[in-house]
Amino acid sequence: MLGLYHPAYDRLWAACRDLDLTITQHGGSGNPNYGDAPAATLMYLLEVPFFAHRNLSHLIMSGVFDRFPELRYVMTEQGVGWVIEDLRRMDGYHAQMSSGRIGELGFPAELVLPDKPSSYFARNVWIGASFPSPSEAEAIKTIGIDRTLWGSDYPHNESTFPHNREHLRRSFSSWDEADLRKIFAENASKVYRIDLDALVPLAERIGPSVDEVATPLDEVPKGAFSPAFTRP
């Protein structure tokens, strides 16, 4: 299968743009066939991040977001902190390509993007942060609060359910209310065209209060094994 950097997909990107569709990529897809060896499933799991994360560089560095600036691309359930280093690396390559210091590689001029790769991320990409631990919550502030959507990953085994509220208290108790409203609701509303006003009655009935989220968690609930509780 062709990588997402291939121009053969331009017809698809154009259709998504014209239909105002949000593209969502879930971690866990794109791996090769590992065969039936005893360690095959383990190898698959260990390499899921690589095959999920590489689509960010495929789309940015090949100019997809430059050619289709209206695209909205969400990368969900594949962590948060990795984005920082990937953008740093892409910006570094872009700086070298822009200056002509590319040695024997000989990139054609059309591959040199007019803007930094991190600029395309800030315009076209959002991260679906599933069960972020406290350290991953801090990483959100670096990659951009406006670029992040919180998720519990329900109903998967690694989700924060039925300890969603405790998770929010563990990872976000020190956050400002305005920023929490963005990652819990407002960003998703913008990227997926969700009518937040229609959800107000539901949020008032089941949503945690501001004061509840702002209360630090003293103890991890018994039986809570989500990475949101086991990671720092």
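Note that our numbering numbers the sequence shown so that position 32 is 67, with each residue one more than the last. All C-beta atoms, glycine included, are put in the ideal place defined by N, C-alpha and C.
What residue from Pro167, Met96, Val118 and Ser261 has the CA that sits closest to Phe85's CA?
Translated into positions along the sequence shown, residue 85 becomes position 50. Of Pro167, Met96, Val118 and Ser261, the residue nearest in Cα terms is Val118.
Using DSSP with H/G/I as helix, E/B as strand and the rest coil, what is Val109?
Here residue 109 corresponds to residue number 74 of the sequence shown, with the count starting at 1. It is a strand residue.
Give the secondary structure of Trp278 by DSSP, where H, G and I count as helix, E and B as strand, and everything else as coil.
What is shown of the chain runs 36 to 267, which leaves residue 278 out entirely.
Near Asn159, which residues of its chain fall below 6 Å by C-beta distance, leaving aside the five closest residues on each side in sequence?
Position 124 of the sequence shown, counted from the first residue, corresponds to residue 159. Result list for Asn159: Phe100, Leu106 and Tyr108, in chain order.
Residues near Leu215 in its chain [Cβ-Cβ closer than 7 Å; skip 5 each side]
Taking the sequence shown and counting its residues from 1, the one referred to as residue 215 is at position 180. Around Leu215: Phe207 and Val248.
By Cβ distance, which residues of its chain are closer than 8 Å to Pro190, with the 5 residues on each side in sequence left out?
The residue given as residue 190 occupies position 155 in the sequence shown. Cβ neighbours of Pro190 beyond the five flanking positions: Phe196.
I'd like the span of the beta strand (DSSP E) that includes Thr59, first residue to last.
To locate residue 59, count along the sequence shown from 1; it is residue 24. Counting along the chain, the beta strand (DSSP E) containing Thr59 begins and ends at Thr57 to His61.
Where does Trp210 sit, in a helix, a strand or coil, going by DSSP?
Position 175 of the sequence shown holds residue 210. Note: Trp210 maps to coil in three-state DSSP.
Hey, is the segment 124-136 in contact with the segment 172-186, meaning 3+ C-beta pairs nearer than 8 Å?
no
Between which residues of its own chain and Leu203 is the CB-CB distance below 7 Å, once the five residues before and five after are set aside?
Numbered from its first residue, the sequence shown carries residue 203 at position 168. Around Leu203: Pro243 and Val248.
Who are the near neighbours of Thr177 in its chain, counting only those whose CB is closer than 6 Å to its CB and skipping five residues on each side?
Position 142 of the sequence shown holds residue 177. Taken in chain order, the residues that qualify are Ile119.
Quick check on this structure: which residue in Pro236, Pro104 and Ser165 has the alpha carbon closest to the alpha carbon of Gly116?
Within the sequence shown, residue 116 is the residue found at index 81, counting from 1. Considering only alpha carbons, the answer is Ser165.
Start and end residues, alpha helix (DSSP H) containing Thr195:
Within the sequence shown, numbered from 1, the residue matching residue 195 stands at position 160. It is not in any alpha helix (DSSP H) - Thr195 carries neither H nor E in the DSSP assignment.
Just to confirm, is the Cβ distance from Asp188 to Glu112 under 8 Å?
Position 153 of the sequence shown holds residue 188. Position 77 of the sequence shown holds residue 112. Yes, the Cβ-Cβ distance between Asp188 and Glu112 is below 8 Å.
In or out: Leu146 buried (at least 16 other Cβ within 10 Å) or exposed?
Translated into positions along the sequence shown, residue 146 becomes position 111. Exposed, because fewer than 16 other Cβ atoms sit within 10 Å of the Cβ of Leu146.
Residue range of the unbroken alpha helix (DSSP H) whose run includes Gly127:
Sequence index remark: in the sequence shown, residue 127 carries index 92 (1-based). Run containing Gly127: Trp117 to Ser134, per the alpha helix (DSSP H) assignment.
Using a threshold of 8 Å, state whether the C-beta atoms of Asn231 and Ala220 are closer than that.
By 1-based counting over the sequence shown, the position of residue 231 is 196. By 1-based counting over the sequence shown, the position of residue 220 is 185. Looking at the sequence shown, residue 231 is not Asn but Leu. Against a cut-off of 8 Å, the Cβ pair of Ala220 and Leu231 comes out as a contact.
Am I right that Ile180 and Ile229 are in contact with their C-beta atoms under 8 Å? What's the rounded C-beta distance?
One-based indexing of the sequence shown puts residue 180 at position 145. One-based indexing of the sequence shown puts residue 229 at position 194. The Cβ separation is near 18 Å, so there is no contact.
Does DSSP put Leu215 in a helix, a strand or coil?
Numbered from its first residue, the sequence shown carries residue 215 at position 180. Three-state result, Leu215: helix.
Span of the alpha helix (DSSP H) holding Leu184?
On the sequence shown, residue 184 is found 149 positions in, with the first residue counted as 1. Here Leu184 belongs to no alpha helix (DSSP H); instead the beta strand (DSSP E) covers Thr183 to Gly186.
Pick out whichever of Ala87, Arg102 and Leu94 has its Cα sitting closest to the Cα of Gly114.
The sequence position of residue 114 within the sequence shown is 79, counting from 1. Nearest of Ala87, Arg102 and Leu94 to Gly114, Cα basis: Ala87.
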